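K.L.:
So in the numbering used here, spot 57 of the sequence shown is number 157, and the numbers just go up one at a time. Note that CB positions come from ideal geometry on N, CA and C, so glycine has one too. All values derive from a computational prediction rather than experimental measurement. The following block contains the structure, expressed as structure tokens.
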Amino acid sequence: ILKEDALFAKAFVKHLLVYATGRQLTPWDSVEMNDIIATTAANDYRIQDIIEAVVMSPSFRSP
Numbered sequence: 101i102l103k104e105d106a107l108f109a110k111a112f113v114k115h116l117l118v119y120a121t122g123r124q125l126t127p128w129d130s131v132e133m134n135d136i137i138a139t140t141a142a143n144d145y146r147i148q149d150i151i152e153a154v155v156m157s158p159s160f161r162s163p
């Protein structure tokens with residue numbers, strides 16, 4: 101089940117980053133995506149934590 105949680109979290113983060121930035125992801129975004137997943141794993145990928153991490157990410161905050 102934990103592996104499925106990680107797979108779901110990765111897909112969710114990817115789609116959320118695409119939606120939040122309004123563009124397709126770059127290789128740099130993949131690094132950030134993995135950082136977000138690693139950071140939120142400690143709290144079982146809570147959606148609130150994922151959204152906060154996406155909003156605080158350089159991909160979202162840069163023009």
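#1: Does the distance from the C-beta atom of V118 to that of I136 stay below 7 Å?
#2: Look at T140 and I150 and say whether their C-beta atoms are less than 7 Å apart.
#3: With distance defined between alpha-carbon atoms, name the residue in Y145, K103, T121, D144 nearest to R161.
#4: Between the C-alpha atoms of S130 and Q148, what's the straight-line distance to the nearest angstrom?
#5: Relative to the C-alpha of V154, which residue among L107, L116, R146, A138 is closest?
P.N.:
Looking at the coordinates:
#1: Here residue 118 corresponds to residue number 18 of the sequence shown, with the count starting at 1. Here residue 136 corresponds to residue number 36 of the sequence shown, with the count starting at 1. Going by C-beta atoms, V118 is not nearer than 7 Å to I136.
#2: Mapped onto the sequence shown, residue 140 falls at position 40. Mapped onto the sequence shown, residue 150 falls at position 50. Yes, they are a contact pair.
#3: The residue you call residue 161 lines up with position 61 of the sequence shown. Checked all of Y145, K103, T121, D144; the closest Cα to R161 is T121.
#4: Locating residue 130 in the sequence shown gives position 30, counting from the first residue. Locating residue 148 in the sequence shown gives position 48, counting from the first residue. Each residue's Cα considered, the two are about 20 Å apart.
#5: To locate residue 154, count along the sequence shown from 1; it is residue 54. Distances from the CA of V154 to each of L107, L116, R146, A138 were compared; the closest alpha carbon is that of L116.
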